Amino acid sequence: MKPAPFAYRRPGSLEEALEALAGEANAKVLAGGQSLVPLLSMRLAAPALLVDINGLPDLAAIAADATGVRIGALARHADVLASPDVRRVQPLVPLALAHVAHATIRNRGTTVGSIVHADAAAEMPVVLRVLGGSVEAASVRGRRTIPAEELFLGPLESSLAHDEVAVSAHVPALPVGAGVAFDEIARRHGDYALVGAAALVDGDTVRVGYLSVNDVPTVVDLGGVPLEDVGEAALAHLEPVGDIHATAAYRAQLVRVLTERVVRAAYAMAGQEGP
Ligand code: FAD
């Protein structure tokens, strides 16, 4: 299919982009286009106006310091994955990004676009949730920071307003002595996961986030739970759904296996044995 007709603007400044979004209620930001363009072609989205932010190179910055990593809206998955600073400051980001799609898609798709697209089957929303990160949004009304726990409202639905651009995402640094791990099961490497899990172990805190289990990225606290029980304990907080890709029972089994696997790996990185 071909997209429905739409107007197209490629602003030369962020202010111009925000004005364009404020002037059309049915407008969409175009970043890497790796999710939006297929949706347009299938006519699952029919915006009146596309505001292409690819003419704003200032939004491509990736900055890391002792507090964490700030990823600009135009930083491509491939650039974030290749950044030694990101790997050093928050290794969960590259661990998860290595599972996002294929090299060609990672060359164009943006990490911030993936977060605000809010697909419950995507890796980066879960990483943001587990780490307690945030998104900075800009509009003609000013700027605001949206914490990850307030960002994901439903399937492909975020709390970003229609006239806001997510200018960056921030993930906190890995604390000294903490550990992280990521793993997923997909039919082929690069496919969307049947189930995926990301773990953070920091002292007594054990947080595990799940993709492709529920409608939104879901995080479960498993601090103090014996390692052999973490899978079952996680399932008490989750309701795996069945679809054409996997039954609910199969997803539940993947939750059991992946939870224990990522929690053990995160404890190992933290240099702890675990309960
Ligand atoms: P776009 O497609 O440009 O936009 C997506 C949505 O987000 C649109 O609604 C757009 O308006 C909005 N948006 C984007 N950026 C902003 C912004 N800065 N401010 C406000 N709104 C914004 N993803 C995974 O996570 N895991 C996978 O395994 C995976 N596999 C894929 C396989 C294929 C074959 C394809 C085509 C894509 C796959 N993807 C996967 C999606 C890919 O990661 C996309 O790059 C990503 O989901 C969206 O990023 P984008 O920059 O392409 O956003």
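Each residue of the sequence shown is one higher than the one before, starting from 1 at the first, in full-length UniProt numbering.
Even glycine gets a Cβ: it sits at the ideal position worked out from N, Cα and C.
Every value quoted in this text rests on a predicted model; they were computed, and no experiment measured them.
Residues in the same chain with beta-carbon distance under 8 Å from A265, minus the five sequence neighbours each way, listed in chain order, please.
Locating residue 265 in the sequence shown gives position 265, where the first residue counts as 1. Within its own chain, the residues whose Cβ lies closer than 8 Å to the Cβ of A265, once the five positions on either side in sequence are excluded, are G179, A181, D183 and A199, listed in chain order.
Check whether G196 and E149 have beta carbons under 8 Å apart
Your numbering for residue 196 matches position 196 in the sequence shown. Your numbering for residue 149 matches position 149 in the sequence shown. Contact check for G196 against E149 fails: the beta carbons are separated by 8 Å or more.
Measure from the alpha carbon of V213 to the alpha carbon of each residue in L194, L74, E24 and G72, then state which is nearest.
Here the question's residue 213 lines up with position 213 in the sequence shown. Nearest to V213 by C-alpha distance, out of L194, L74, E24 and G72, is L194.
Count the other CB atoms within 10 Å of the CB of G68; is the residue buried (16 or more) or exposed (fewer)?
What you label residue 68 is simply residue 68 of the sequence shown in a count that begins at 1. Buried, because 16 or more other Cβ atoms sit within 10 Å of the Cβ of G68.
Are there 16 or more other CB atoms within 10 angstroms of the CB of Y8, so buried, or fewer, so exposed?
Stepping through the sequence shown from its first residue, residue 8 is reached at position 8. Answer is exposed; the Cβ neighbour count stays below 16.
Nonlocal neighbours in the same chain, by C-beta distance under 8 Å from S114, ignoring five residues either side
If you number the sequence shown from 1, residue 114 lands on position 114. Take S114, set aside five residues on each side of it, and the residues of its chain with a beta-carbon closer than 8 Å to its own are S35, H77, V100, A122, E123, M124 and P125, in chain order.
Integer-rounded CB distance, given that V257 should sit under 8 Å from G231
Translated into the one-based positions of the sequence shown, residue 231 becomes position 231. Translated into the one-based positions of the sequence shown, residue 257 becomes position 257. Correct: roughly 7 Å between the Cβ atoms.
Can you check whether the CB of V112 is closer than 8 Å to the CB of A137?
As a first step, residue 137 is located in the sequence shown; it is residue number 137 there, counting from the start. As a first step, residue 112 is located in the sequence shown; it is residue number 112 there, counting from the start. Taking 8 Å as the cut-off, the beta carbon of A137 is found no closer than this to the beta carbon of V112.
Which same chain residues end up closer than 8 Å to N54 when comparing Cβ atoms and leaving out the 5 residues on each side of it in sequence?
Residue mapping note: residue 54 aligns to position 54 of the sequence shown, counting from 1. Here the set comprises R10, L30, A31 and L74.
Please specify which runs of the beta strand (DSSP E), each continuous and at least 3 residues long, are wholly inside the segment 15-95, giving them in chain order.
Fully enclosed beta strand (DSSP E) runs of no fewer than 3 residues occupy 27-30, 49-52, 62-65 and 68-72 of the segment 15-95, in order along the chain.
Pull up the CB-CB distance for Y267 and V220, whole angstroms please, since I reckon it's below 8 Å.
In the sequence shown, counting from the first residue as 1, residue 267 sits at position 267. In the sequence shown, counting from the first residue as 1, residue 220 sits at position 220. With a Cβ gap of about 16 Å, Y267 and V220 do not count as contacting.
According to the Cβ coordinates, are V255 and A234 closer than 8 Å?
Along the sequence shown, one-based indexing puts residue 255 at 255. Along the sequence shown, one-based indexing puts residue 234 at 234. Taking a C-beta distance under 8 Å as the contact criterion, V255 and A234 qualify as a contact pair.
If we call anything under 8 Å between Cβ atoms a contact, is residue 281 one with P91?
The structure shown does not extend to residue 281, since the chain is modelled only from 1 to 275, so the question has no answer here.
As a quick exercise: from T104, D85 and L81, pick the residue whose alpha carbon is nearest that of P94.
Counting from 1 along the sequence shown, the entry for residue 94 is found at position 94. Of the listed residues, the one whose Cα sits closest to P94 is L81.
DSSP-derived helix/strand/coil call for E136:
Indexing the sequence shown from 1 puts residue 136 at position 136. Of the three classes helix, strand and coil, the one that applies to E136 here is strand, per DSSP.
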